[in-house]
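Protein chains in written order, with my numbering: chain A, 1 to 286; chain B, 1 to 420.
Spelled out as structure tokens, the structure:
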């Protein structure tokens, strides 16, 4: 029993469960994906022989570049919009609503739409935005337009609209959380020193919210970059991001090619997050 | 509706004439068959709960159905042979899946109504004069040399890969009220008149055939064999469609049945690739929709049921009994009243009224209301089926859904097309 008292052994034992879980459910699957990405496939069999063909095709196709670019564009626009909306909502909740019970009530109100399924919330936009949808009928009856507006549905607009709708909460929650922990006397001190409301926001509140913003950003960016179903439904299969490329490959039984795309996507997302983490040391600021 | 009563005895009687030996066996274990469960999966078209209910009633076999889209079906048949007993798949899927060895060939001598199966599935000819269309025609992948063989036979043998169950001829669906002029060619799909109001289905192996029909109709490409294109032909086809896509010709692409119905019913799209029951679904909402026969002919497809290689013993016998029951008419009538065709039309006739048979099969004017098996009114007295009779429709098939030798290349090009 002496051996268990050794602090190194005890430390290893304590870390073991998590290590095993991560090894089995994270490291192993990723290793498999990386391995398969170097294989080849026909419709009905996978050929386990090392080949760079999948990557050669991926980097040789002009479509890959376009699709990655589109993925980044979706991620960036969604991020910018969810940040603007999320920050505003969180700011209102944290600084304008005085009573704590109201704060909690309004915060819960924000989450109510999220009790329904993602897919339902997304698909309900389709009849709303369609050529003969509610939005177009309203615009026509108000005399804003004469012809139905076509780009409302099955366009980049509808894709980003759905993304923003789906993911804004992921921005609101962490930002709200950090705002609630800002020491109110700091805001008062800023006022006392003659800072305007705007200056307080920019120089005091915003810097203190950085960890929340960063966590929200990581959520939104990774969700958007990995998504395929929103893009498929809201663009009527007309637009593509990397997720759709992978899902197309899988549905056509091209597993190795899908794995190669997944590996490239994984690297891209990890790089993006690494860059984001350069800006804020989340661990220190939490 | 005159429905002939269906009993266990009647299937035995009809079956006995053709295959007395095989059908003697089921009688022995007919009591035990009540406990047999067969797991069937396939595309939504024929995976109907009504069939499961009826087979339970008639044979006592429990059928567990799973409906998936074509791609998922292929994937499952190719990769998870133990997850099913019966695969309800299309013939082009069979071409992909058979070489995996996950399915077992069926002994034709155990199929009671084999002789009555339509020629398309046997020698490829609807009538002795018919020409065989391009693509993966069912008879080309319908037979193998023997049990365990992974290569297809060139002619009829005693071993069938799939027992044909259901098939149809597909064409473009249109909204006549929103188009307002006759449509008679596939090329209309890319007519700039319908800019932003056209749609194509996003299932590569079927979509490519629709594309080929369009390109050929436009006079842009002459294919050696639409069902087995060369790389140059594939490139040329996608070039034309990519250009149209970039010019905004398409409103959307659809992948599931309900998407195609919604696109058409909401007026987002006025012309698109479509499946027959989708037309019906649009019509039952009171919206005019026509399954437009076109000069160049139809793109046809056929499905059948195949047996998993892991089926043995009593389950295998039950599966044969199920297949014989399937071809004995009730299912055929049920499917034909939705606008599909049965592989053994003559047995289905007994399960349809004269009016229904006339409307759906013979292309005659309906003498009374035509209703679907689910009770929806599909046509009024005096109306005629789009495209006419069975022989008019199946007789002008230009190509079959296909998998090509260059399939992998095509799939990648398809991916690029969707992403472009």
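Glycine residues also receive a C-beta, built at the ideal position from the N, C-alpha and C atoms.
Just so it is clear, the structure is predicted and the values come from calculations on it, not from any experiment.
| In the structure shown, what three-state DSSP assignment does residue 215 of chain B receive? | helix
| CB contact check: residue 32 of chain A to chain B, cutoff 8 Å | It does not: the Cβ of residue 32 of chain A has no partner Cβ on chain B nearer than 8 Å.
| said: Would you call the region 241-256 of chain B in contact with the region 163-180 of chain B, where contact means no fewer than 3 C-beta pairs closer than 8 Å? | reply: no
| query | Interface residues of chain A around residue 502 of chain B at Cβ under 7 Å? | reply | The structure shown does not extend to residue 502 of chain B, since chain B is modelled only from 1 to 420, so the question has no answer here.
| query | DSSP three-state call for residue 399 of chain B: helix, strand or coil? | reply | strand
| message | Measuring straight from C-alpha to C-alpha, what distance separates residue 142 of chain B and residue 91 of chain B? | response | 8 Å
| query | Using a Cβ-Cβ distance under 8 Å, would residue 415 of chain B count as near chain A? | reply | yes
| said: Does chain A have any CB closer than 8 Å to the CB of residue 401 of chain B? | reply: no
| said: In the DSSP assignment, the alpha helix (DSSP H) including residue 316 of chain B goes from what residue to what residue? | reply: 313-326
| task | Could you tell me the boundaries of the alpha helix (DSSP H) in which residue 247 of chain A lies? | result | Per DSSP, residue 247 of chain A is one residue of the alpha helix (DSSP H) stretching across 242-251.
| message | Below 7 Å on C-beta distance, what does residue 74 of chain B contact in chain A? | response | What residue 74 of chain B touches in chain A: 253.
| said: Going by the DSSP bridge assignment, what does residue 164 of chain B pair with across the sheet? | reply: B/304
| Looking only at its own chain, which residues have a Cβ that is under 8 Å from the Cβ of residue 384 of chain B, when we skip the five neighbours before and after it? | 359, 363, 364, 365, 366
| field | Nearest candidate by alpha-carbon position, reference residue 88 of chain A, set A/32, A/252, A/231, A/175 | value | A/175
| said: Can you give me the C-alpha to C-alpha distance between residue 230 of chain A and residue 219 of chain B, rounded to a whole angstrom? | reply: A straight line joining the alpha-carbon of residue 230 of chain A with that of residue 219 of chain B spans about 37 Å.
| So which of B/281, B/236, B/305 has the shortest CA-CA distance to residue 371 of chain B? | B/281
| field | 7 Å Cβ cut-off: residues of chain B touching residue 236 of chain A | value | The contact set of residue 236 of chain A on chain B, defined by CB atoms closer than 7 Å, consists of 251, 252, 253 in chain order.
| request: Tell whether a beta-carbon distance below 8 Å holds between residue 229 of chain B and residue 404 of chain B. | output: When the beta-carbon positions are compared, residue 229 of chain B and residue 404 of chain B come within less than 8 Å of each other.
| field | Buried or exposed (CB count within 10 angstroms, at least 16 for buried), residue 142 of chain A | value | exposed
| When we look at the beta-carbon of residue 37 of chain B and count the other beta-carbons within 10 Å, is it buried (16 or more) or exposed? | exposed
| Going along the chain, which residues of its own chain have a beta-carbon closer than 6 Å to the beta-carbon of residue 255 of chain B, five neighbours each way excluded? | 202
| task | Could you pull out every unbroken alpha helix (DSSP H) segment of at least 4 residues lying fully inside the region 162-197 of chain A, listed in chain order? | result | 184-192
| said: According to DSSP, residue 421 of chain B sits in a beta bridge with which residue or residues? | reply: A question about residue 421 of chain B goes unanswered here, because the residues of chain B that appear run from 1 up to 420.
| said: Please return the same chain residues whose Cβ sits closer than 6 Å to the Cβ of residue 75 of chain A, not counting the five positions on each side in sequence. | reply: Once the five neighbours on either side are set aside, the close Cβ partners of residue 75 of chain A are 221, 224, 225.
| said: If you reduce the DSSP assignment to three classes, tell me which class residue 256 of chain B lands in. | reply: coil
| Beta-carbon neighbours of residue 204 of chain B, restricted to chain A and to distances below 8 Å | Under the 8 Å cutoff, chain A gives 252.
| For residue 312 of chain B and residue 84 of chain B, the rounded distance between their alpha carbons | Going from the Cα of residue 84 of chain B to the Cα of residue 312 of chain B covers about 13 Å.
| said: Would residue 132 of chain B pass as an interface residue toward chain A - the criterion being a Cβ-Cβ separation below 8 Å? | reply: no
| query | What is the rounded straight-line gap between the Cα of residue 203 of chain A and the Cα of residue 210 of chain A? | reply | 12 Å
| task | Can you check the region 84-161 of chain A for any alpha helix (DSSP H) of at least 4 residues that lies completely inside it and give the ranges in chain order? | result | 100-111, 118-123, 125-129, 134-141
| field | Counted within 10 angstroms of its Cβ, other Cβ atoms place residue 336 of chain B as buried (16 or more) or exposed | value | buried
| said: Within 10 Å of its beta-carbon, does residue 255 of chain A have 16 or more other beta-carbons around it, so buried, or fewer, so exposed? | reply: buried
| field | Buried or exposed (CB count within 10 angstroms, at least 16 for buried), residue 163 of chain A | value | buried
| message | Is there a Cβ of chain A sitting closer than 8 Å to that of residue 420 of chain B, yes or no? | response | yes
| Pairwise C-alpha distance: residue 302 of chain B and residue 97 of chain B | 15 Å
| Within chain B, the residues that residue 61 of chain A reaches when beta carbons sit closer than 7 Å | 416
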